[in-house]
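S.K.: So that we are looking at the same thing, I have put the structure below in structure tokens.
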Amino acid sequence: MRPDPHHPPESPMPVCHARTTRSFILLAAVLLAACAEQREAPGTAESRIDGGLRSLTPAEEERLAAQQRDLEARERAAVERFSIGEDGTVTDTATGLMWMRCALGQQWNGETCAGEAERFAWARALSTQGTVNAGGHGDWRLPTREELLTLTWCSSGRRHATDADGAGGSCVGDFRRPTILHEVFPATPAAKFWTSTAGHQNFSAWGVAFSTAVTGVGNKTDQEYVRMVRTAP
Numbered sequence: 041m042r043p044d045p046h047h048p049p050e051s052p053m054p055v056c057h058a059r060t061t062r063s064f065i066l067l068a069a070v071l072l073a074a075c076a077e078q079r080e081a082p083g084t085a086e087s088r089i090d091g092g093l094r095s096l097t098p099a100e101e102e103r104l105a106a107q108q109r110d111l112e113a114r115e116r117a118a119v120e121r122f123s124i125g126e127d128g129t130v131t132d133t134a135t136g137l138m139w140m141r142c143a144l145g146q147q148w149n150g151e152t153c154a155g156e157a158e159r160f161a162w163a164r165a166l167s168t169q170g171t172v173n174a175g176g177h178g179d180w181r182l183p184t185r186e187e188l189l190t191l192t193w194c195s196s197g198r199r200h201a202t203d204a205d206g207a208g209g210s211c212v213g214d215f216r217r218p219t220i221l222h223e224v225f226p227a228t229p230a231a232k233f234w235t236s237t238a239g240h241q242n243f244s245a246w247g248v249a250f251s252t253a254v255t256g257v258g259n260k261t262d263q264e265y266v267r268m269v270r271t272a273p
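Note that this note's numbering has the sequence shown beginning at 41, numbered continuously upward.
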């Protein structure tokens, strides 16, 4: 066959160019296969992306489940310390103190603390002592700093130590708020509660913040919540 003068024969591909092209194709195929295997392999330690959210690996899921089991066990043990009455009171068997389950202003409805808790300046909070009747008792009082601190609970299981003056002691890590046992003291505001302990300055008094479990002083004119206590016989 005679060559067509209008269509000259194509030049053969250089050997080096052909080998390079085949190498790139082979490399691309290997990478695609590896990606597909990584996406499909169950239990891979690599992060997987589903709809923009990272899926947990089995190891991470087990670690979270173990943390949840530990939290539930510690919480059950802490709750068992309290003898819960049906009248809106609870007795701490470790300290012998009886507490109102609700903050002043709230009402116990048989299931939880209903209504809005009231805020008090420190002097007014002190004046409520002996004027409140709950659970058939009229000798309720404002707790001391040490007494109120016994109600703080860190779900993380970790907290800072207090300083030489007794201040500080906040929860550490990823903890639940308010920092109190919800089953024992439901609907507790995650905020500061007054104690009967006066501060070193005439204008100050101690309180406990159930947002972090920290204790510290505040101005006596500050408006804070109140939970009352009595010494059980």
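From the three backbone atoms N, C-alpha and C, an ideal C-beta is built for every residue, glycine too.
For histidine 200, write down the residues that DSSP places opposite it in a beta bridge.
M.R.: Answer is none; histidine 200 lacks a bridge partner.
S.K.: How far does the beta strand (DSSP E) with valine 130 in it reach, from first residue to last?
M.R.: Counting along the chain, the beta strand (DSSP E) containing valine 130 begins and ends at 129–132.
S.K.: Quick check on alanine 157: does DSSP put it in helix, strand or coil?
M.R.: Three-state result, alanine 157: coil.
S.K.: Given a cut-off of 9 Å, decide if leucine 221 and proline 183 are closer than it, judged by their beta-carbon atoms.
M.R.: Taking 9 Å as the Cβ cut-off, proline 183 and leucine 221 do not qualify as a contacting pair.
S.K.: Let me make sure I understand the geometry here. Which of Val172, Asp110 and Ser251 has the alpha-carbon closest to that of cysteine 211?
M.R.: Nearest C-alpha to cysteine 211: Ser251.
S.K.: With alanine 249 as the anchor, note down where its beta strand (DSSP E) starts and where it stops.
M.R.: That run of the beta strand (DSSP E) goes 244–249.
S.K.: Out of curiosity, what's the CA-to-CA distance linking leucine 96 and glutamine 108?
M.R.: Approximately 15 Å, taken between the alpha carbons.
S.K.: Between threonine 255 and threonine 219, which are expected to be in contact by the criterion C-beta below 8 Å, what is the C-beta distance as a whole number of angstroms?
M.R.: Not really, about 11 Å apart at Cβ, beyond 8 Å.
S.K.: May I ask which residues mark the beginning and end of the beta strand (DSSP E) holding leucine 137?
M.R.: Here the beta strand (DSSP E) through leucine 137 covers 137–140.
S.K.: Pick helix, strand or coil for alanine 238, following the three-state DSSP scheme.
M.R.: Residue state, collapsed to three classes: strand.
S.K.: With phenylalanine 160 and valine 266 assumed to form a contact (beta carbons below 8 Å), what rounded beta-carbon distance in angstroms separates them?
M.R.: Contact holds; Cβ gap of about 5 Å.
S.K.: Compare the C-alpha of glycine 128 against each of Glu151, Glu115 and Thr237 and name the closest.
M.R.: The residue with the shortest Cα to Cα distance from glycine 128 is Glu151.
S.K.: Where does phenylalanine 243 land, buried or exposed, given buried means 16+ other C-beta within 10 angstroms?
M.R.: Exposed, because fewer than 16 other Cβ atoms sit within 10 Å of the Cβ of phenylalanine 243.
S.K.: For phenylalanine 233 versus glutamate 264, is the C-beta spacing smaller than 9 Å?
M.R.: Cβ distance < 9 Å, so phenylalanine 233 and glutamate 264 count as in contact.
S.K.: Just to confirm, is the Cβ distance from threonine 237 to alanine 143 under 9 Å?
M.R.: No, Cβ-Cβ distance for threonine 237 and alanine 143 is not below 9 Å.
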